[in-house]
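Student: Here it is, the structure in full.
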Amino acid sequence: MRILFLGDIVGRAGRDAVGAALPNLRKTLAADLVIVNAENASHGFGLAPAMADALFAAGADVITLGNHAWDRRELAAYIETHPRLIRPLNFPPGSPGHGSVTVDLADGRRALVLQAMGRLYMELTDDPFRMTAELLGKHRLGVTVQAVFADFHAEATSEKMAYAHSFDGRVSAVVGTHTHLPSADHHIMEGGTAFQSDAGMCGDYDSVIGMEKAAAAARFWRKIPGERLGPAEGEATICGTFVETSDTTGLAVRIEPVRAGGRLSPSMPSP
Ligand SMILES: [Fe+2]
Ligand SMILES: [Fe+2]
Numbered sequence: 275m276r277i278l279f280l281g282d283i284v285g286r287a288g289r290d291a292v293g294a295a296l297p298n299l300r301k302t303l304a305a306d307l308v309i310v311n312a313e314n315a316s317h318g319f320g321l322a323p324a325m326a327d328a329l330f331a332a333g334a335d336v337i338t339l340g341n342h343a344w345d346r347r348e349l350a351a352y353i354e355t356h357p358r359l360i361r362p363l364n365f366p367p368g369s370p371g372h373g374s375v376t377v378d379l380a381d382g383r384r385a386l387v388l389q390a391m392g393r394l395y396m397e398l399t400d401d402p403f404r405m406t407a408e409l410l411g412k413h414r415l416g417v418t419v420q421a422v423f424a425d426f427h428a429e430a431t432s433e434k435m436a437y438a439h440s441f442d443g444r445v446s447a448v449v450g451t452h453t454h455l456p457s458a459d460h461h462i463m464e465g466g467t468a469f470q471s472d473a474g475m476c477g478d479y480d481s482v483i484g485m486e487k488a489a490a491a492a493r494f495w496r497k498i499p500g501e502r503l504g505p506a507e508g509e510a511t512i513c514g515t516f517v518e519t520s521d522t523t524g525l526a527v528r529i530e531p532v533r534a535g536g537r538l539s540p541s542m543p544s545p
């Protein structure tokens, strides 16, 4: 299975770039499954329902969220009727929506997509490790599902690596989100799971993690609350990860970074 994942879409710059590029990217990479993280799509904070609709229309099969899931409160109702929009599975019981979804491809193959959120330097949540293990207990990679993709939304690289190693051989890929910077550690681990600690954001990198740089920097200089942070609006770099898996084992056969446009050096997987 050919899986394209795009990291945190930040603000208008990120939305416009993804909206314009995704239909072609999907075609060029012959992607069977496209997953995007959109927790920062609405002016840096949350995801408006209309923007979720636009991302689905542009070719996203599944949208993931993160700590900003409910910054746009309307999304709590929307997620209940849109199962392909998922939030971290370790949000407390009673939270709207679900933390995973199974996607049936047109050719009959099936994929499980899940999101979990880390706890180091993050808001308090339930245990992402135990809750992921519990979910995976209900599926068998290569048997009941041909692929399992995990978006691990976390700040600390140590927690991301620990999470990935914990599920090595039981999922097709663990790709991190939330730091908004693409890491260069993409590789296939010993057990056959593809891993990259962060896919990077789809946003303007002439910024502080996607937000307007002067206002963001001022917050580090002074304790006085400044103006409300808004996203940087220059040309975005689309950042993501391409993973190809074996349909018989469900394990990864390759993982390559995707970077296009904006300020970062380009990288495109070979077809
Ligand atoms: Fe984010
Ligand atoms: Fe986040």
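Under our numbering, the first residue of the sequence shown is numbered 275, with each subsequent residue one higher.
For glycine and all other residues, C-beta sits at the position ideal for the given N, C-alpha and C.
Identify, in the order they occur along the chain, each residue of the same chain with its Cβ nearer than 6 angstroms to the Cβ of E408, setting aside the five sequence neighbours on each side.
Tutor: In the sequence shown, counting from the first residue as 1, residue 408 sits at position 134. Contacts found: none.
Student: For T515, name the three-state secondary structure that DSSP assigns.
Tutor: On the sequence shown, residue 515 is found 241 positions in, with the first residue counted as 1. Residue state, collapsed to three classes: strand.
Student: Would DSSP call T355 helix, strand or coil?
Tutor: Mapped onto the sequence shown, residue 355 falls at position 81. Helix at T355.
Student: Within the structure, which residues are defined as neighbours of ligand 2 by a Cβ-heavy atom distance below 6 angstroms, reported in chain order?
Tutor: Here the residues come out as E313, G340, N341, H342, H427 and H452.
Student: Let me check one thing: in DSSP terms, what residues is Q470 bridge-paired to?
Tutor: Counting from one through the sequence shown, the residue named residue 470 turns up at place 196. Looking at the DSSP assignment, Q470 forms a beta bridge with V449.
Student: In whole angstroms, what separates the C-alpha of H342 from that of V292?
Tutor: To locate residue 342, count along the sequence shown from 1; it is residue 68. To locate residue 292, count along the sequence shown from 1; it is residue 18. H342 and V292: Cα-Cα distance of roughly 19 angstroms.
Student: Report yes if the CB atom of L280 is closer than 8 angstroms to the CB atom of L379, and no otherwise.
Tutor: Locating residue 280 in the sequence shown gives position 6, counting from the first residue. Locating residue 379 in the sequence shown gives position 105, counting from the first residue. Cβ distance not < 8 angstroms, so L280 and L379 don't count as in contact.
Student: Take L386 and list the residues in its own chain whose beta-carbon comes closer than 7 angstroms to its own, dropping the five residues that flank it on each side.
Tutor: Numbered from its first residue, the sequence shown carries residue 386 at position 112. Once the five neighbours on either side are set aside, the close Cβ partners of L386 are S374, T376, H413, V419 and V422.
Student: Give a yes or no on whether 8 angstroms exceeds the smallest Cβ distance from A287 to chain C.
Tutor: The chain labelled as chain C is not found in the depicted structure, where only one protein chain is given.
Student: Grouping DSSP H, G and I as helix and E and B as strand, with all else coil, what is M475?
Tutor: On the sequence shown, residue 475 is found 201 positions in, with the first residue counted as 1. Coil, per DSSP.
Student: Do A468 and V517 have their C-beta atoms within less than 8 angstroms of each other?
Tutor: Here residue 468 refers to the residue found at position 194 when the sequence shown is read from its first residue. Here residue 517 refers to the residue found at position 243 when the sequence shown is read from its first residue. Closer than 8 angstroms, so yes.
Student: Following the continuous alpha helix (DSSP H) through F330, name the residue where it begins and the one where it ends.
Tutor: In the sequence shown, counting from the first residue as 1, residue 330 sits at position 56. Counting along the chain, the alpha helix (DSSP H) containing F330 begins and ends at P323 to A332.
Student: For A428 versus G382, is the C-beta distance shorter than 8 angstroms?
Tutor: Counted from its first residue, the sequence shown places residue 428 at position 154. Counted from its first residue, the sequence shown places residue 382 at position 108. Cβ distance not < 8 angstroms, so A428 and G382 don't count as in contact.
Student: Just confirm the distance between the C-beta atoms of G340 and L503, as a whole number of angstroms; I'd bet it's less than 8 angstroms.
Tutor: Counted from its first residue, the sequence shown places residue 340 at position 66. Counted from its first residue, the sequence shown places residue 503 at position 229. At roughly 17 angstroms, the Cβ-Cβ gap does not stay under 8 angstroms, so G340 and L503 are not in contact.
Student: Are the Cβ atoms of I498 and A534 separated by less than 8 angstroms?
Tutor: As a first step, residue 498 is located in the sequence shown; it is residue number 224 there, counting from the start. As a first step, residue 534 is located in the sequence shown; it is residue number 260 there, counting from the start. It is not a contact, given that the beta carbons lie outside the stated cut-off.
Student: Are the CB atoms of T302 and P540 nearer to each other than 8 angstroms?
Tutor: Within the sequence shown, the letter at position 28 stands for residue 302. Within the sequence shown, the letter at position 266 stands for residue 540. Not a contact, by the Cβ cut-off of 8 angstroms.
Student: Using DSSP with H/G/I as helix, E/B as strand and the rest coil, what is F365?
Tutor: Looking up residue 365 in the sequence shown gives position 91. Three-state result, F365: coil.
Student: When the Cα atoms are used, what is the spatial distance from G474 to V417?
Tutor: For the purposes of this step, residue 474 is taken as residue 200 along the sequence shown, with counting starting at 1. For the purposes of this step, residue 417 is taken as residue 143 along the sequence shown, with counting starting at 1. Between G474 and V417, the C-alpha separation is close to 31 angstroms.
Student: Cβ of D345 within 7 angstroms of any heavy atom in ligand 1?
Tutor: Counting from one through the sequence shown, the residue named residue 345 turns up at place 71. Not under cutoff, so the answer is no.
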